[in-house]
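Using the numbering used here, the first residue of the sequence shown is number 430, and each one after it goes up by one. To start, the structure itself, in C-alpha cells.
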Amino acid sequence: SSSKSTRSLRSRLHPYGANSRCKEIMKSFEIKQVENLSQSQILELTGLLADAVENNEAIDIDKRDISSYYSQLRNADIVIAEVGGKIVGSAIAKYYTESYISHIADFRKLIVNRKFRNLGVGTALITRLEEVVRKKGILKIEFSYREGNKAAHLYTDLGFRPWGKSTCAVRYSNQCYNEIHMEKILR
Numbered sequence: 430s431s432s433k434s435t436r437s438l439r440s441r442l443h444p445y446g447a448n449s450r451c452k453e454i455m456k457s458f459e460i461k462q463v464e465n466l467s468q469s470q471i472l473e474l475t476g477l478l479a480d481a482v483e484n485n486e487a488i489d490i491d492k493r494d495i496s497s498y499y500s501q502l503r504n505a506d507i508v509i510a511e512v513g514g515k516i517v518g519s520a521i522a523k524y525y526t527e528s529y530i531s532h533i534a535d536f537r538k539l540i541v542n543r544k545f546r547n548l549g550v551g552t553a554l555i556t557r558l559e560e561v562v563r564k565k566g567i568l569k570i571e572f573s574y575r576e577g578n579k580a581a582h583l584y585t586d587l588g589f590r591p592w593g594k595s596t597c598a599v600r601y602s603n604q605c606y607n608e609i610h611m612e613k614i615l616r
C-alpha cells in the first residue's frame, strides 16, 4: 500500500513534464513515515538539520541543540524522503496535547537536501505528512516560515493560506526575521 501510494503521488507531482534529472530522481525517491527513528536515521537527519542551520535556513534552533533535536521528539510524526537508502528530506507534524487545540497539527522542519530541491521532494513530503495527520483525525494544519523563504510558493500551491505575520519573530546573529503563519483546514 505504501509503495502504491508513493507511485500515485509521483504521477501527480509534475503535471507539466519534467527534465530527465527530475524524472530519474522521481523514480528513485521514496517517501515514508517512520514510527521509531533508528540511530543511523537520527544521525542522517541531524546532518540535514545541521546543514540547514549552517546555511542560515533553519534559524529557529540553536546549534547546540541540533544533536538532540530528533531524539527528543515527542507527540510527533515524521516522514522522510530517501534516495538510494539515504535520507534527503524530512518533515515533522507536532501534535498538541491540550484538549482545546488537539485537533491541530503543527508542521515543522521541512528540510530537503539542496541537491534534491525543486524536484518534487518537498511536495511529496508535505502531501504524505498531510495523509498521516488526516488519519489521526486532525482538522487543521498550521506552520510558520521565515519571510523570504524560497519555498513559499510550494505552501500556497498545496492549499495553505497565510493568516498572519509576526514581526521580528526570530532573532539570529543580531538580526530580526519576520515569520509568515500559514494554515490549512482539512475537509
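Glycine included, each C-beta is placed from N, C-alpha and C at the ideal position.
{"Query": "Where K515 sits in the DSSP three-state scheme", "Result": "strand"}
{"Query": "Alpha carbon of I495 to alpha carbon of Y524, nearest angstrom", "Result": "20 Å"}
{"Query": "According to DSSP, residues forming a beta bridge with R590", "Result": "E612"}
{"Query": "Per DSSP, the bridge partner or partners of I507", "Result": "V463 and I521"}
{"Query": "Where A539 falls: helix, strand or coil (DSSP)", "Result": "Strictly speaking, residue 539 in this sequence is Leu, with Ala absent from that position. Three-state result, L539: strand."}
{"Query": "Cβ neighbour criterion (16 or more within 10 Å) applied to T552", "Result": "buried"}
{"Query": "Sheet register partners of C605 (DSSP bridge)", "Result": "R600"}
{"Query": "For R557 and A598, the rounded distance between their alpha carbons", "Result": "28 Å"}
{"Query": "Collapsed DSSP secondary structure at I471 in the structure displayed", "Result": "helix"}
{"Query": "Contact between the segment 510-518 and the segment 575-591 (3+ Cβ pairs under 8 Å)", "Result": "no"}
{"Query": "Spatial distance of L442 from G549 (CA atoms)", "Result": "Residue placement at L442 cannot be trusted, given a pLDDT of 42 that sits under 50; what the coordinates show is reported in the next sentence. If I take the Cα positions, the gap works out to 6 Å."}
{"Query": "Within-7 Å CB hit, G549 to chain B", "Result": "Chain labels in this structure do not include chain B; a single protein chain is all it has."}
{"Query": "Whole-angstrom C-beta distance between D506 and V561, which should lie under 8 Å", "Result": "5 Å"}
{"Query": "Where R537 falls, given that 16 or more other Cβ within 10 Å makes a residue buried", "Result": "buried"}
{"Query": "Cβ neighbour criterion (16 or more within 10 Å) applied to Y529", "Result": "exposed"}
{"Query": "Contacts around L583, its chain only, beta-carbon distance under 7 Å, and the 5 residues preceding and following it disregarded", "Result": "G551 and T552"}
{"Query": "Residue environment, E608, which counts as buried when at least 16 other CB atoms sit within 10 Å", "Result": "buried"}
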